[in-house]
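Protein chains in written order, with full-length UniProt numbering: chain S, 1 to 161; chain W, 1 to 161.
There are 2 protein chains.
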Amino acid sequence: MTSTSTHQTRIASDPDVPLVRITREFDAPPEKVFRAHVDPELVARWLGPRGLEMTIDTWDCRTGGSYRYLHRQGDEEYGFHGCFHEVRPNELIVQTFTFEGMPDGVALEKLVLEDLGDGRTRLTSTSLVDSFADRDAFVASGMEVGVREGYERLDQVLAAG
Amino acid sequence: MTSTSTHQTRIASDPDVPLVRITREFDAPPEKVFRAHVDPELVARWLGPRGLEMTIDTWDCRTGGSYRYLHRQGDEEYGFHGCFHEVRPNELIVQTFTFEGMPDGVALEKLVLEDLGDGRTRLTSTSLVDSFADRDAFVASGMEVGVREGYERLDQVLAAG
Chain S
1 MTSTSTHQTR IASDPDVPLV RITREFDAPP EKVFRAHVDP ELVARWLGPR
51 GLEMTIDTWD CRTGGSYRYL HRQGDEEYGF HGCFHEVRPN ELIVQTFTFE
101 GMPDGVALEK LVLEDLGDGR TRLTSTSLVD SFADRDAFVA SGMEVGVREG
151 YERLDQVLAA G
Chain W
1 MTSTSTHQTR IASDPDVPLV RITREFDAPP EKVFRAHVDP ELVARWLGPR
51 GLEMTIDTWD CRTGGSYRYL HRQGDEEYGF HGCFHEVRPN ELIVQTFTFE
101 GMPDGVALEK LVLEDLGDGR TRLTSTSLVD SFADRDAFVA SGMEVGVREG
151 YERLDQVLAA G
């Protein structure tokens, strides 16, 4: 038995606007959760589902910066890119997101970190697109597995560092 | 009488998603309309309503670039910033947008240029936010004047160059 509790990842589709809201708590303070999103060496250890290899082309997580990375699974390769609209240390990251397999699609993502005290953080991540059909297809695509597994891997990164 | 026709700027609020759609035609080919959005010296000559002075801090209009500018009117100064998610020459600019007077607000903007032939272009610009109330407040704020006057100034920039 370990002292790490298992936290649930909640994924909810907004009823009014084409947005997905992900909520997750972590047993680490906001500073550490933030750093695990900013430092590319840490990001590569947790972002995405298990069993993928992540290669980071660019990860310049500051206001006005940009990113691009690849996920590889066997012979398949998936590219993702976007820009960082605003990065407020330990509080907020606003960025864009495109999966290069659907190059005309783009989401506006907002990550908010909330200090729960006692070394705990609540992360809320929203992803906004311009169509309910696209939002619903994204949710139905199995993104839930990648998000949940990614945050379980992030638990391990936070526990290790 | 000049040979330049007067084009109407259409501004429509989408009924289903919190998005504003602006449509405008120009008597210039997509290459020229695109260049007037990319070249900061040209941008400073038309973006925004008449009677404002525009100062550009940063205008790096390429995929992964960013921008910041100030509009001054008398003693008042308004800052705006964002990042360029994707820039496809003569076709598409996807960017984020924040008015610094409302620093927690952010819009995802998509500019599409369509070649109408005969040296004419249709510009469609959409602006997506995460709340209908914010979208409606933006439309009610008088943005229409700034957009319409800006495009009339852009007509002049295109005619001159």
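For every residue, glycine included, the Cβ atom is placed at its ideal position computed from N, Cα and C.
- Here ASP118 (chain S) is exposed, its C-beta having fewer than 16 other C-beta atoms within 10 Å.
- At least one CB of chain W lies nearer than 7 Å to the CB of ASP130 (chain S).
- By the Cβ test, the segment 7 to 16 of chain W is not in contact with the segment 52 to 66 of chain S, since fewer than three Cβ pairs between them sit closer than 8 Å.
- When the alpha-carbon of GLU114 (chain S) is set against those of S:PHE84, S:ALA107, S:ASN90, S:VAL20, the nearest one is in S:ASN90.
- Note that the segment 81 to 101 of chain W touches the segment 59 to 68 of chain W; at least 3 beta-carbon pairs, one per stretch, sit closer than 8 Å.
- The beta carbon of SER66 (chain W) falls within 7 Å of a beta carbon belonging to chain S, placing the residue at that interface.
- Only residues of its own chain outside the window of five on either side were considered, and among them THR55, GLU77, GLY79 have a CB closer than 6 Å to the CB of LEU70 (chain S), listed in chain order.
- Contact residues of the segment 69 to 83 of chain W toward chain S are HIS81, GLY82, CYS83 (C-beta to C-beta distance below 9 Å).
- Comparing alpha-carbon positions, the option among W:PHE138, W:ARG153, W:GLY82 lying closest to GLY48 (chain W) turns out to be W:ARG153.
- Between THR96 (chain W) and chain S, the shortest Cβ-Cβ separation is below 7 Å.
- Across the segment 104 to 127 of chain S, CB contacts with chain W closer than 9 Å involve ASP104, VAL106, ALA107, LEU108, LYS110, THR126, in sequence order along the chain.
- Minimum Cα-Cα distance from LYS110 (chain W) among the listed residues W:LEU42, W:GLY65, W:VAL20 corresponds to W:VAL20.
- In chain order, ARG24, GLU25, PHE26, ASP27, TYR151, ASP155 place their CB closer than 8 Å to the CB of HIS7 (chain S), counting only its own chain and leaving out the 5 sequence neighbours on each side.
- Contact of VAL43 (chain S) with chain W is not assigned, every C-beta pair being separated by 7 Å or more.
- Residue range 107 to 117 is occupied by the beta strand (DSSP E) that includes ALA107 (chain W).
- For HIS7 (chain W), there is no enclosing alpha helix (DSSP H), since its DSSP letter is neither H nor E.
- Using a CB distance cut-off of 7 Å, VAL38 (chain W) does not count as an interface residue toward chain S.
- In this structure PRO18 (chain S) is not in contact with PHE99 (chain S), their Cβ atoms being roughly 16 Å apart against a cut-off of 8 Å.
- Annotation: TYR67 (chain S) to ASP57 (chain S) spans about 7 Å, alpha carbon to alpha carbon.
- LEU108 (chain S) is positioned such that its CB atom lies no closer than 7 Å to that of LEU123 (chain W).
- Per DSSP, VAL157 (chain W) is one residue of the alpha helix (DSSP H) stretching across 143 to 160.
- In the DSSP assignment, CYS61 (chain W) is bridged to no other residue.
- Annotated as distal: LEU128 (chain S) and ASP104 (chain W), with beta-carbon spacing of 7 Å or more.
- Excluding its 5 nearest sequence neighbours in each direction, THR9 (chain S) has C-beta neighbours in its own chain below 7 Å: ILE22, ARG24, VAL147, ARG148, TYR151, listed in chain order.
- HIS85 (chain W) is a Cβ neighbour of VAL106 (chain S), given a cutoff of 7 Å.
- Along the segment 12 to 27 of chain W, the positions whose C-beta sits under 9 Å from a C-beta of chain S are ASP14, ASP16, VAL17, PRO18, LEU19, read in chain order.
- For LEU92 (chain S), the enclosing beta strand (DSSP E) stretches over residues 92 to 99.
- With respect to chain W, the C-beta atom of HIS7 (chain S) has no partner C-beta closer than 7 Å.
- Burial of VAL33 (chain W) is indicated by the presence of at least 16 other C-beta atoms within 10 angstroms of its C-beta.
- For LEU42 (chain W), the enclosing alpha helix (DSSP H) starts and ends at 40 to 46.
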